[in-house]
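Novice: First residue of the sequence shown: 37, per our numbering; consecutive thereafter.
Note that the Cβ used here is the ideal one computed from N, Cα and C, for glycine as well.
What you are looking at is a predicted structure, and each value in this text was computed from that prediction instead of being measured.
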Amino acid sequence: MAPTLYVIPASSPVRAVLMTAKAIGLNLELKTLDMSAGEHTTPEFLKLNPQHTVPTLVDEDGYVLWDSHAIMPYLLSKYGKDSSLYPSGLKERALVNQRLHFDSSVSFAKLLQIWLPIVHQGKKHVDPTDVEAVNEIYSFVESFLDGRKWVAGDSVTIADFSTITTLTSLDVLVKIEATKYPDLVAYLKRAEGLPVYDVSKKGLDVFVSSVKQRLS
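(1) Under a Cβ-count criterion, where at least 16 other Cβ atoms within 10 Å of its own Cβ denotes burial, should Asp196 be classed as buried or exposed?
(2) What number of angstroms, rounded off, separates the C-alpha of Val50 from the C-alpha of Thr215?
(3) How is the beta strand (DSSP E) around Leu93 delimited, first residue to last?
(4) Does the contact criterion of 3 or more C-beta pairs under 8 Å hold for the region 37 to 44 versus the region 82 to 95?
(5) What are the residues that DSSP puts in a beta bridge with Trp102?
(6) Going by other Cβ atoms of all chains shown within 10 Å of its Cβ, with 16 needed for buried, is Val210 buried or exposed?
(7) Just verifying my parser: in three-state terms, what is the DSSP assignment at Gly189?
(8) Who are the Cβ neighbours of Val53 in its own chain at under 7 Å, not counting the five residues just before and after it?
(9) Helix, strand or coil for Thr165? Go by DSSP, reduced to three states.
(10) Which whole-angstrom value is the C-beta distance of Thr199 and Asp139, which I expect to be below 8 Å?
(11) Between which two residues does the beta strand (DSSP E) holding Thr56 run?
(12) Output yes or no for whether 8 Å exceeds the beta carbon distance between Ser252 and Ala46.
(13) Would Leu101 and Ala188 qualify as a contact pair, given that the criterion is a beta-carbon distance under 8 Å?
(14) Measuring straight from C-alpha to C-alpha, what distance separates Phe180 and Val155?
(15) Which residues bound the beta strand (DSSP E) around Thr40?
(16) Can you tell me the Cα-Cα spacing of Ile60 and Glu128, whole angstroms?
(17) Give a yes or no on whether the C-beta atoms belonging to Ser48 and Ser175 are separated by under 8 Å.
(18) My guess is that Thr56 and Leu147 are in contact by the Cβ rule of under 8 Å, so how many angstroms apart are they, rounded?
(19) So Thr201 is in the beta strand (DSSP E); what residue range does that whole segment cover?
(20) Exposed or buried, Gly74, counting other C-beta atoms within 10 Å across all chains shown (16 or more means buried)?
(21) Among Trp151, Pro86, Leu224, which one has its Cα closest to the Cα of Glu178?
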């Protein structure tokens, strides 16, 4: 029996986990939640994850884990064949962890701060202060890429999966200016060539459609 992953397709953290699973050849049973119908707040789901967030993983043995930044290292440790996506070296892993924490506490946090009022309050625009904050995030990632092909070095890691999925979503809301952030634009273009990018692109297309409907 395959591990089960509770998802909504447009979610950038969900997409990051799906990229990880595909990279290690892990089949997941996907269960899509209809959050508009409150399926994430049913007693059954709250028993699994009281924070009622996605992605939520239920492993083959019933072990439950949520938050993509925790799920990806777990899947790699249990099911991965090598440590290339989450290097075992002390300093190399520390850098990957730093980038993951940056995504969790800065990039994705800002994405949620912008997106949730659009979804739940019918907001029709992105505030100038949020545009400024997102551009600061872009500038940080631009600096991460200085002298590097990927955000934590010259090899792809799970930090890239989180960065790619969050920034491609942010780009839908606040366009990345190529003249300001050439390394970032080149990075995201390289990401499109990754063998696992297609699983992110499917969810990104759903997010793009949702943004167009809500902000039009």
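Specialist: The structure says:
(1) buried
(2) 30 Å
(3) 92 to 94
(4) yes
(5) Thr92
(6) buried
(7) strand
(8) Leu41, Pro91, Ser104, Ile107, Met108
(9) helix
(10) 6 Å
(11) Here Thr56 belongs to no beta strand (DSSP E); instead the alpha helix (DSSP H) covers 48 to 59.
(12) no
(13) no
(14) 31 Å
(15) 40 to 43
(16) 20 Å
(17) no
(18) Their Cβ separation, rounded to whole angstroms, is 19 Å, which puts Thr56 and Leu147 out of contact at 8 Å.
(19) First-last for Thr201: 194 to 209, but that is the alpha helix (DSSP H), not the beta strand (DSSP E).
(20) exposed
(21) Leu224
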